[in-house]
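Here is the structure we will look at.
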Amino acid sequence: MQTGKVKWFNNAKGYGFILSEEFDEELFAHFSAILAEGYKSLKAGQTVQFETKAGPKGIHAVNIRTLD
């Protein structure tokens with residue numbers, strides 16, 4: 001599992017990006033990859049833990065858990 005911080009997340013569109021020191025690029029984060037009960041959302045600056053998966057347009061964060 002890697003850790004990072006949410007750069008931004010758009011609740012209306014259901015996606016955003018995560019920054020991690022372990023990667024040179026931003027990681028795509030979709031609401032369906034968030035492991036949470038109820039409303040699945042992230043906030044800018046929030047620390048998260050995640051796994052990665054190669055996607056058609058770059059690396060995707062999956063199995064995202066909030067740490068704060």
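Taking the UniProt record's numbering, the leading residue of the sequence shown gets 1, the next gets one more, and so forth.
Glycine residues also receive a C-beta, built at the ideal position from the N, C-alpha and C atoms.
If you're wondering where the values come from, they're calculated on a predicted model, not measured in any experiment.
Start-to-end residues for the beta strand (DSSP E) that takes in residue i
i: Ala54; result: Thr47 to Gly55
i: Gly14; result: That residue, Gly14, is in no beta strand (DSSP E); it is neither H nor E in DSSP.
i: Ala61; result: Gly58 to Thr66
i: Ala29; result: Leu27 to His30
Outcome for residue i when other beta-carbon atoms lying within 10 angstroms are tallied against a minimum of 16
i: Leu67; result: exposed
i: Gly4; result: buried
i: Leu42; result: buried
i: Gly58; result: exposed
i: Gly16; result: buried
Short Cβ contact (8 Å threshold) for residue i with residue j
i: Thr9; j: Ala61; result: Just to set this straight, residue 9 is Phe in the shown sequence, not Thr. No, the Cβ-Cβ distance between Phe9 and Ala61 is not below 8 Å.
i: Ile64; j: Leu35; result: yes
i: Glu26; j: Lys7; result: yes
i: Phe31; j: Met1; result: no
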